[in-house]
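Engineer: Mind looking over this structure? Questions follow.
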Amino acid sequence: MKKHYFNLHKEKDRELFYPIISNWWKKWKQTPIPPKALPETGLMISNKGIFICCGFLYKTDSIMSIIGWIISNPNKEHRELRTGAIELLIESLENLAKQMGFEAFFVPARNPNLIKKLNSLGYDLEKADRNINNFIKI
Numbered sequence: 135m136k137k138h139y140f141n142l143h144k145e146k147d148r149e150l151f152y153p154i155i156s157n158w159w160k161k162w163k164q165t166p167i168p169p170k171a172l173p174e175t176g177l178m179i180s181n182k183g184i185f186i187c188c189g190f191l192y193k194t195d196s197i198m199s200i201i202g203w204i205i206s207n208p209n210k211e212h213r214e215l216r217t218g219a220i221e222l223l224i225e226s227l228e229n230l231a232k233q234m235g236f237e238a239f240f241v242p243a244r245n246p247n248l249i250k251k252l253n254s255l256g257y258d259l260e261k262a263d264r265n266i267n268n269f270i271k272i
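Under my numbering, the final residue of the sequence shown carries the number 272; numbering is consecutive throughout.
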């Protein structure tokens with residue numbers, strides 16, 4: 135698997151990655167987030183030349199960073215290529231955040247498969263809010 139770090143605030147990266155991510159959101163019946171609302175640090179994982187999943191790292195003014203907007207390629211033909219990709223994505227964003235001085239990680243998730251992966255990576259739902267809704271105003 136290969137890691138592709140990108141910044142949607144840069145035109146070259148936005149032209150390459152945003153159409154892919156936006157299309158994935160639409161196919162998963164989610165509303166695409168505008169590039170200017172996403173952080174500078176994005177990571178896309180590919181396997182055998184196919185983009186598999188991506189996520190973003192938000193930096194805060196505390197020890198907490200936020201890994202958000204995790205999404206995967208909805209194409210069922212590429213499902214087998216996803217094995218280990220989400221874990222690599224999360225661990226890579228964690229490691230990058232640690233290099234920046236962050237010590238804790240917040241990851242919003244509702245997808246049952248993502249929640250299982252987060253649990254396997256040591257994330258603790260008991261320390262988080264339950265049954266919470268996220269609201270966005272752009």
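Think of the CB as a built atom: it goes at the ideal place given N, C-alpha and C, for glycine as much as any other residue.
Can you tell me whether residue 254 is buried or exposed, with buried defined as 16 or more other CB within 10 angstroms of its CB?
Structural biologist: Residue 254 should be labelled exposed.
Engineer: Could you tell me which residues DSSP pairs with residue 179 in its beta bridges?
Structural biologist: Paired residues: 137 and 187.
Engineer: Give every residue of the same chain whose Cβ lies closer than 6 Å to the Cβ of residue 139, excluding the five residues on either side of it in the sequence, and list them in chain order.
Structural biologist: The residues are 177.
Engineer: Given this structure, state the Cα-to-Cα distance separating residue 215 from residue 268, to the nearest angstrom.
Structural biologist: Each residue's Cα considered, the two are about 30 Å apart.
Engineer: Am I right that residue 180 and residue 239 are in contact with their C-beta atoms under 8 Å? What's the rounded C-beta distance?
Structural biologist: 23 Å between Cβ atoms; not a contact.
Engineer: Could you tell me which whole beta strand (DSSP E) segments of length 3 or greater appear in the stretch 223-272?
Structural biologist: Fully enclosed beta strand (DSSP E) runs of 3 or longer: 238-240.
Engineer: Take residue 190 as the anchor and find which of 251, 145 and 224 has the nearest alpha-carbon.
Structural biologist: Among 251, 145 and 224, the Cα nearest to that of residue 190 belongs to 224.
Engineer: Taking residue 277 as the reference, give the member of 227, 193 and 149 with the closest Cα.
Structural biologist: Because the chain in this structure spans residues 135 to 272, residue 277 falls outside the shown range and cannot be described.
Engineer: DSSP three-state label for residue 302, please.
Structural biologist: Coverage of the chain is limited to positions 135 through 272, which leaves residue 302 absent and any answer about it impossible.
Engineer: Consult DSSP for residue 167 and reduce its assignment to one of helix, strand or coil.
Structural biologist: If DSSP states are grouped into helix, strand and coil, residue 167 belongs with coil.
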